[in-house]
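According to this note's numbering, the sequence shown is numbered sequentially starting from 5.
From the three backbone atoms N, C-alpha and C, an ideal C-beta is built for every residue, glycine too.
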Amino acid sequence: MREHPLGVRLTVAAAAAALLLMPAAMVGALVVGRVDWLHSLDMAVTNGLHGYALHHPGWVWFMKAWSLVFDPNSWRLAVLGLVIWLIRRGQGSPAWWAGITMATGGVLGAVLKLLVGRHRPDLLDPVAQATGYSFPSGHVLNNALGAAVFLLILLPYTRGSTAKRALLWAGAIVIPLMTAVSRVALGVHWTSDVLAAWFLGVALAAATAAAYLARSRRKQAHVATEGLHA
């Protein structure tokens, strides 16, 4: 978060948060409103992927393994490691941002599940089981959030290396996407669950980044003012 002038980064982060929050809110409203066409779409995708899974045990094994490796707790531990690494480098502010962002996502996801109270798919021959409510997907929310945190923190360290930057962007996109596919393919989430969770996760990362940048801007302005009066 140090590559462009602070005002530009703040504007981009705030705009991204607003733009990404809108589709998340729209999907949430459609879910709460029990809109027929959304339910039909969810059923069609879930039944299609579930039918494929029933006849491809290798696919099921891979999806289960992927969901286990990239579950919410894995991301929390990974971000905790990132926080420790940042603190040891003397970068306390971005470390606080990363930790608070992940913690906020965990709380927000749990609260939304209770508020919406959506049940998971009820399939006749399920290939996997999951407990709790369905909307939004905790796996995808934490994947999107964790990937965004790593992307924003590590991007400045990839300057001068196009390959590293491309790899970082690819991971930030592919990992949450594959997690979303795995949750629907295993029959433990609806498509709208994972779609809203992805938008919400990235929007939250952008919103907290905007707050972090706004705070940094105020601190810079305060230091500049003190310098003028010194």
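Assigned with DSSP and collapsed to three states, V36 falls in helix.
For L116, the secondary structure class from DSSP, reduced to helix, strand or coil, is helix. T166: member of the alpha helix (DSSP H) spanning T166 to A189, first to last residue.
Runs of the alpha helix (DSSP H) lying entirely within the segment 20-95, each at least 4 residues long, are 40-58, 61-73 and 76-92 in chain order.
Rounded to whole angstroms, the gap between the alpha carbons of G164 and A210 is 24 Å. Here the alpha carbon of S138 sits roughly 38 Å from the alpha carbon of R92. Spatial neighbours of L199 in its own chain (CB-CB distance under 7 Å, excluding positions within 5 residues in sequence) are listed in chain order as V31. For V131, there is no enclosing alpha helix (DSSP H), as DSSP marks it with neither H nor E. Using a C-beta cut-off of 8 Å, the segment 185-202 makes no contact with the segment 82-92, since fewer than three inter-stretch Cβ pairs fall below that distance.
H123 and Y161 have their C-alpha atoms roughly 42 Å apart.
Assignment of F203 by DSSP, reduced to helix, strand and coil, places it in the helix class. In this structure I179 does not touch N146 by the C-beta definition: roughly 11 Å separates them, more than the 8 Å allowed.
A residue is called buried when at least 16 other Cβ atoms come within 10 angstroms of its Cβ; Y56 does not meet this threshold and is exposed.
Going by DSSP, G150 is part of the alpha helix (DSSP H) stretching over G142 to L158. Between R187 and V131, the CB-CB gap reaches or exceeds 8 Å.
Of G103, A134 and H193, the smallest CA-CA separation from G150 is found for G103.
Nearest neighbour of P27 by Cα position, chosen from D75, G205 and L217, turns out to be G205.
The closest CA to that of N51, considering only A167, L208, L190 and S141, is found on L190. In this structure, the straight-line span from the alpha carbon of L24 to that of L128 is close to 35 Å.
Residue environment analysis places L217 among the buried positions, since at least 16 neighbouring C-beta atoms fall within 10 angstroms of its C-beta.
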